[in-house]
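FYI, my numbering numbers position 20 of the sequence shown as 24, with every residue one higher than the one before it.
Here's the structure we're looking at; comments come further down.
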Amino acid sequence: MPFYRAVGEIPPKRHTQHRTPTGSLYYEELMGEEGFSSNSSLLYHVNIPSAVVEYRAWELPDQSLIPNHPLLPRHLSTHKLFEEDDSGVDAVTGRRLLLGNGDVRISYVVADAPSPLYRNGIGDECLFVEEGGASVETVFGDLEVASGDYVIVPRATTFRVVPRGRVRIYVIEANSHIGPPKRYLSRFGQLLEHAPYCERDLRLTTDPRVVTTDEPVDVYIKHRGNGGGGIAGTVHTVPHHPFDVVGWDGGLYPYVFNVRDFEPITGRVHQPPPVHQVFEGHNFVICNFVPRKVDYHPLAIPVPYYHSNVDSDEVMFYVAGDYEARKGSGIGPGSISLHPGGHAHGPQPGAYEKAIGAEFFDELAVMVDTFRPLDLGEAARASDDGVYAYSWTQGPQ
């Protein structure tokens, strides 16, 4: 997030002495992007933030990926991945990998237990709350989240997720940073008038909670490693709780945006997917489709035209409503459709004609378009219905 905030107790000038009431020094930590050349924040800790007393390997959940070969469009059913009576699952170690490539990994989890303290050292995370609620506790302060919220967590932020009951979370992990589309921003970083949301729509953290316990705690870290550009996990046991920040300032911090605050851009004829964009990372974009008035040209066909993703794979996560273009395909809330580059796709048979005359679509979905092919994770292999590719015909010939 590009705009400056100052929270809690900070000294008048950066990189100068900041003392506790008893006269000892607070420890300043610079958290910055792109090698001191982009957004950053300064955090003031009670204890040394780099202290470690023990470490061990964290065996990550299955991160294996296999090519989408033979090339097929696919329907994945995320609601089949977790049983209703599953308990003790947390939003960090319980994630199941659906899709991934060298730029982004997409996972799903249904959690009811607090997660361990966690830090993603590879890239930013976007947590989309499908259903339920949670507290996202961070070193910057806390965020209360519920259905429809996107939580943007910058790389290397220490945080944990504490569910309120059961919470369903769709997780987008980048190998880069995630932020608003550049075309929505001024050269100074302010959201422009033509953007479909503005700074007023963003929810920011509370003041940080200063936890001063001297009991060691574990921090789970996801990081680069394991050879060949893979990922690995390590647990650092630290001597003091990392939530010991008395104040911070800067332009890098987590925030929340609710999908229902997105103002849809509509037109007389069908608008292309970029008008639905909400965030972007390196080599991928995140879009959302919200309830909206649809095309109002007298001869308009409101559902999408058939299209080939020449440069991208398209992943649509269906959250709620009645998705007109997919009627008859078996897709519903909790479904994911994967339409890979090289395959033309569009409305299911009959949807093209039935949409004529429609004035409003009641649908809610989150779309990720990637510019490198996506491979299939274990959760995709476990939840693929195996027949979606035939949904534009009568079945295998």
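Every residue, glycine too, gets a C-beta built ideally from N, C-alpha and C.
Item: Nearest neighbour of residue 8, chosen from 30, 40 and 46 [CA to CA]; Value: 46
Item: Host beta strand (DSSP E) of residue 357 (start-end); Value: Run containing residue 357: none in the beta strand (DSSP E); it sits in the alpha helix (DSSP H), 355-358.
Item: For residue 135, the nearest candidate out of 263, 376 and 349 (CA to CA); Value: 263
Item: Separation of residue 244 from residue 250, as counted between CA atoms; Value: 14 Å
Item: Rounded C-alpha distance that separates residue 64 from residue 110; Value: 15 Å
Item: Residue 385, enclosing alpha helix (DSSP H) - first and last residue; Value: 382-387
Item: Residue 322 beta carbon near the ligand FAD (any heavy atom closer than 6 Å); Value: The ligand FAD is absent from the structure shown, which contains no ligands of any kind.
Item: Under 7 Å between C-beta atoms of residue 378 and residue 105; Value: yes
Item: Beta-carbon contacts of residue 55 that lie in its chain and below 8 Å, excluding the five residues immediately before and after; Value: 242, 243 and 244
Item: Spatially closest choice to residue 247 from 21, 391, 33 and 19, by CA coordinates; Value: 33
Item: Distance between residue 271 and residue 51 (C-alpha atoms, nearest Å); Value: 55 Å
Item: Given 8 Å, three or more beta-carbon pairs between the segment 305-316 and the segment 335-353; Value: yes
Item: Straight-line gap, residue 266 to residue 27 (C-alpha atoms, nearest Å); Value: 48 Å
Item: Euclidean distance between Cα positions of residue 372 and residue 290; Value: 5 Å
Item: Those residues which DSSP pairs with residue 48 across a bridge; Value: 32 and 251
Item: Neighbour-count burial assignment, residue 401, 16 or more Cβ in a 10 Å radius; Value: A caution first: residue 401 carries a pLDDT of 45, below 50, which makes its placement in the model unreliable, though a value can still be read off. Residue 401 is exposed by the Cβ-count criterion.
Item: Selection from 285, 269 and 166 that minimises the alpha carbon distance to residue 199; Value: 269
Item: C-alpha distance - residue 86 paired with residue 325, whole-angstrom precision; Value: 22 Å
Item: Those residues which DSSP pairs with residue 124 across a bridge; Value: 226
Item: Beta carbon of residue 121 nearer than 7 Å to that of residue 112; Value: no
Item: Contact set for residue 178: own chain, Cβ-Cβ below 6 Å, skip 5 residues either direction; Value: 108, 127, 128 and 285
Item: Cut-off 6 Å between Cβ atoms - residues of its own chain near residue 183, not counting five sequence neighbours on either side; Value: none
Item: Backbone CA spacing between residue 206 and residue 149 [nearest angstrom]; Value: 12 Å
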